[in-house]
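K.L.:
I'd like to ask you about the structure that follows.
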């Protein structure tokens, strides 16, 4: 991650904390099953927020992705499916 992306990531993370996402409701490098893909795989999203503990796809709120190919972003939709 370059310095600009790292700064933006930190600002977004702090903003989410200010909104009340703390502890288990704010997960870094969150792994989740890609249920919409052609084959079962585990994907990772840099930052994810959840409405309640324990975190799951059923209470996912926000997912933060850094610069990546469009297909990888589309795969991220299974994070909240």
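Residue numbers (this note's numbering): 1 to 81. Quick reminder that beta carbons are idealized off the backbone N, C-alpha and C, glycines included.
Which whole runs of the beta strand (DSSP E) in the region 40 to 66 are 3 residues long or more, in chain order?
P.N.:
42 to 50, 60 to 64
K.L.:
Residues in its own chain within less than 6 Å of residue 30 by CB, not counting five upstream and five downstream?
P.N.:
45, 48
K.L.:
Identify the residues that DSSP records as bridge partners of residue 14: which are they?
P.N.:
In the DSSP output, where bridge partners are listed per residue, residue 14 has none listed.
K.L.:
Is the Cβ-Cβ distance between residue 25 and residue 13 less than 9 Å?
P.N.:
Not a contact, by the Cβ cut-off of 9 Å.
K.L.:
Is it true that the CB of residue 43 sits closer than 9 Å to the CB of residue 32?
P.N.:
Yes, the Cβ-Cβ distance between residue 32 and residue 43 is below 9 Å.
K.L.:
Please name the residue, chosen from 39, 21, 7, 11, that lies closest to residue 60 on a Cα-to-Cα basis.
P.N.:
21
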